[in-house]
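Single-structure report; data block below.
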Amino acid sequence: MYVTGSIIKNLREKKHLTQKELAEKLLLSDKTISKWETDRGLPDISFIGPLAAILGVSVAELLMGEQIVNQNPSANMKKTQFYVCPVCGNVIQAVGSGAYHCCGILLPVAEVEEADESHVLPIEIIDNELYINVEHPMTKEHYISFIAYVTSNRVELVKLYPEQNAECRFAKKGHGFLYLYCNQHGLYRIMV
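Using our numbering, the final residue of the sequence shown is 181, and nothing's skipped along the way.
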């Protein structure tokens, strides 16, 4: 994957820069920018960082060709999104959208699935704690990867592993959401 001319042109126009203005900022000629934008040449790797900075995007956004806009500027934790690596099982939690890579893969945001009978979150309140004990296979092939409790000001995540019980406890902190992630079926959520 490498930056294309159409990406450079699109981002340059969004910043209301002419080819000449962009060239001046990079200490290049406007003919060089024109060559890049018409796919008659590519920027040298040494220009990728400065080009991204001038265009107001990260290097990853420049290479992907899409600007990532956080749809959650107030940083409400209830808008937390999860990204899970299908190779190593790494879990990345973010408040708002982002571009996250793991094991060389661009991770898609985990989309919430409709709960079904095999992915329910039975909750018991014991001594002001939420006790969750999920009846679910916990084999190396099929297991609950994590359970998370998300309120407006915090995220608590318990990572689970095959061959252990799919259970955990959270101190009750108010209204929010409980998430469960099954490695085969995806992300489920209920309101608490």
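Note that beta-carbon positions come from the ideal geometry of N, C-alpha and C, so glycine has one too.
For Tyr(-9), count neighbouring Cβ atoms within 10 angstroms of its own Cβ and tell me buried if that reaches 16, exposed if not.
Exposure of Tyr(-9) is indicated by the presence of fewer than 16 other C-beta atoms within 10 angstroms of its C-beta.
Terminal residues of the continuous beta strand (DSSP E) containing Glu156?
Segment 156 to 160, the beta strand (DSSP E) holding Glu156.
Excluding the 5 residues flanking Tyr89 on each side, which residues of the same chain have their C-beta closer than 8 Å to its C-beta?
Cβ within range, chain order: Tyr72, Ile81, Ala83, Leu95, Leu96.
Straight-line gap, Ala12 to Gly(-6) (C-alpha atoms, nearest Å):
14 Å
Applying the criterion that 16 or more other CB atoms from any shown protein chain within 10 Å of the CB defines a buried residue, is Asn157 buried or exposed?
The sequence given here places Cys at residue 157; Asn does not occur at that position. Counting Cβ neighbours within 10 Å, Cys157 comes out buried, since at least 16 surround it.
Alpha helix (DSSP H) containing Lys9: first to last residue?
8 to 15
Return the CA-CA distance between Tyr168 and Lys20, expressed in angstroms with no decimal places.
So the two alpha carbons sit approximately 53 Å from each other.
Determine the closest residue to Asn142 out of Asp33, Gln70, Met66, with distance taken between C-alpha atoms.
Met66
For the alpha helix (DSSP H) containing Arg1, list its first residue and its last residue.
-6 to 3
Can you tell me which of the three DSSP states Thr21 falls into?
helix
Just confirm the distance between the C-beta atoms of Leu119 and Ile179, as a whole number of angstroms; I'd bet it's less than 8 Å.
That pair is no contact at about 11 Å.
According to DSSP, simplified to helix, strand and coil, what is Glu100?
coil
Counting C-beta neighbours from all protein chains within 10 Å, is the total for Arg1 16 or more, i.e. buried, or is it exposed?
buried
Count the other C-beta atoms from every protein chain shown that fall within 10 angstroms of the C-beta of Ile114, then say buried if there are 16 or more, exposed otherwise.
exposed
Confirm the yes/no value for this check: CB of Asn(-1), any heavy atom of the ligand SAM, distance under 7 Å.
You won't find the ligand SAM in this model; it holds no ligand whatsoever.
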